[in-house]
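Residue 120 in my numbering sits at position 86 of the sequence shown; the count goes up by one each step and never skips.
Everything on this sheet refers to the single structure shown next.
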Amino acid sequence: AHEAAVQLEESGNSVAALFLLDTIVSHIQPESDSKPESEGISELLISLLKESTDQDLPPTFDDMLNLFKRKFEELGMIPIDTPKSYVLSLLKNNVQSTRLTKNHTPKKCHAKIIYFRATQVSENTPSDVFFNWQPYTDQPVHRYEISVTHVQMLWQPISYKLIASKVHEIMTTHKQKQTP
């Protein structure tokens, strides 16, 4: 999203605001291990399951994938009857995006950043320094802290209600400023 804002501005467009949900600055991400993709996917799946369910984790990858699919359908994070192959591709994309962006150095944008930060840490949460977007905008970063984990950002009512409210408020204010 930040890179899209930078590119839009470089093309002469104006970006009113950039909304980020618990996103780390990519170029300071911890180095991705050189482990096989399948191991990275398994680790991600286990981490997501630990944050989203109190159930004991099944012994096989396929059973964990089924539990993950069912749990995320229940939470409304993916549509009911999402094909398992699609769920697996989501996990693969997540692992790949970390590898692809680890060396990306963000440029500075001119848009204000509205940043929603999950404050409950999990075992994989990097240090707070990894969440500092201020050097990458000319405007102040408006930071809203939410008492959830990163994985819970979109399904916990405390989180999605605050996010929806702030996005609406900021977009409405911007629209009113644009109307003559």
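Ideal placement from N, C-alpha and C gives every residue a C-beta, glycine not left out.
Legend entry - Where LEU196 falls: helix, strand or coil (DSSP): In the sequence shown, residue 196 corresponds to position 162, counting from 1. Helix.
Inset, instruction - Determine, using beta carbons only, whether ILE147 and TRP167 come nearer to each other than 8 angstroms. - result: What you label residue 147 is simply residue 113 of the sequence shown in a count that begins at 1. What you label residue 167 is simply residue 133 of the sequence shown in a count that begins at 1. Cβ distance < 8 angstroms, so ILE147 and TRP167 count as in contact.
Inset, instruction - Give every residue of the same chain whose Cβ lies closer than 7 angstroms to the Cβ of ALA39, excluding the five residues on either side of it in the sequence, and list them in chain order. - result: On the sequence shown, residue 39 is found 5 positions in, with the first residue counted as 1. Hits under 7 angstroms: VAL49, LEU52, CYS143, ALA145.
Inset, instruction - Would you mind sorting VAL155 into buried or exposed? The rule is 16 or more other CB atoms within 10 Å of its CB. - result: The residue labelled residue 155 in the question sits at position 121 within the sequence shown. With fewer than 16 Cβ atoms within 10 Å of its Cβ, VAL155 is classed as exposed.
Legend entry - Start-to-end residues for the alpha helix (DSSP H) that takes in VAL40: Looking up residue 40 in the sequence shown gives position 6. Here the alpha helix (DSSP H) through VAL40 covers 36 to 44.
Legend entry - CB-CB length for MET111 against TRP189, believed under 8 angstroms: The residue given as residue 111 occupies position 77 in the sequence shown. The residue given as residue 189 occupies position 155 in the sequence shown. Right, their Cβ atoms sit about 6 angstroms apart.
Legend entry - Cα-Cα separation between THR206 and GLY74, rounded to whole angstroms: The sequence position of residue 206 within the sequence shown is 172, counting from 1. The sequence position of residue 74 within the sequence shown is 40, counting from 1. Cα to Cα, THR206 sits roughly 41 angstroms from GLY74.
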